[in-house]
């Protein structure tokens, strides 16, 4: 299958597990379910490996041994009629490891075909929640802030551009907030902050790429953690059918890990959505 391009245009990294073979009883015919046959599976996990490469820690990557164990359990377990069904179940289990996407190929080299052939296989690609188009449209909360240039104008421009990529619902009033700085950092100008809520058909990583594009258009640089910003757009919460999407992906943590500690997020959010929830708890 072709490489997987992320919404940023970058290629996803790949962990490949090929030639995994176990005996199963999958097939339409009774003798297939009674006698069984060997099935071979190839699995590609699309992910990001930079964190694991830096830490050299198994907890920062996907364990291909665990993926193999679960695939073998499915091959040797409950029989299904079609290898399409088996491939789908293996893909679901592999996505549960946190992969951005998975490719699964199931080979059935002993399929009951009365002709000479080399192999029968089915290949599928399935996207994880961070890349999949949400159905129905996702409910999102986006924080908007600026403390460089003309912050009021920057927030207004950012909100206007944001409303063009979201099914806009409501935006809070702006408010002035003292800048958060690290102990070693100099003081900064106050921020102008607001929150917008809306709906989107973009995936979480797709929306993140759009937020970063808008920031870049407004002159945002990312040279210093907690540094001053011309425009800051933070994806605070992303829900599909009232189910809050969670992620520990290196590129996107959901919900925003510090939102509940920030009055400049929670207060304007409560203004436009008094019944909102974050991590299962009411925001007010």
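Numbering (the working numbering), first residue to last: 148 to 431. Positions of the beta carbon are idealized from the N, C-alpha and C atoms, including for glycine. Remember, it's a predicted structure, so these values are computed and weren't measured experimentally.
Separation of residue 246 and residue 317 (C-alpha to C-alpha, rounded to the nearest whole angstrom) is 33 Å. In the DSSP annotation of this structure, the continuous segment of the beta strand (DSSP E) that includes residue 340 starts and ends at 338-347. Here residue 173 is buried, its C-beta having at least 16 other C-beta atoms within 10 Å. Residue 232 and residue 177 have their C-alpha atoms some 17 Å from each other. Counting only runs of 4 or more residues that sit fully inside the stretch 286-360, the alpha helix (DSSP H) segments are 298-312, in chain order.
Residue 190 sits in a strand when the DSSP states are folded into three classes.
Rounded to the nearest angstrom, the gap between the Cα atoms of residue 425 and residue 164 is 37 Å. Separation of the CB atoms of residue 277 and residue 377 is rounded to 27 Å, and the pair is thereby denied contact status at 8 Å. In terms of Cβ geometry, residue 226 and residue 350 do not form a close pair [threshold 9 Å]. Judged by DSSP in its simplified three-state form, residue 214 adopts helix. Secondary structure note for residue 272: its beta strand (DSSP E) is the uninterrupted segment 268-274.
Residue 382 is a Cβ neighbour of residue 354, given a cutoff of 9 Å. Taking a cut-off of 8 Å for Cβ pairs, the stretch 405-421 and the stretch 321-341 touch, as three or more such pairs fall below it.
Shown here for residue 315: same chain residues with a beta carbon closer than 6 Å to its own, the five before and five after excluded, namely 345 in chain order.
The residue from 230, 224, 199 and 380 with its alpha-carbon nearest to that of residue 343 is 380.
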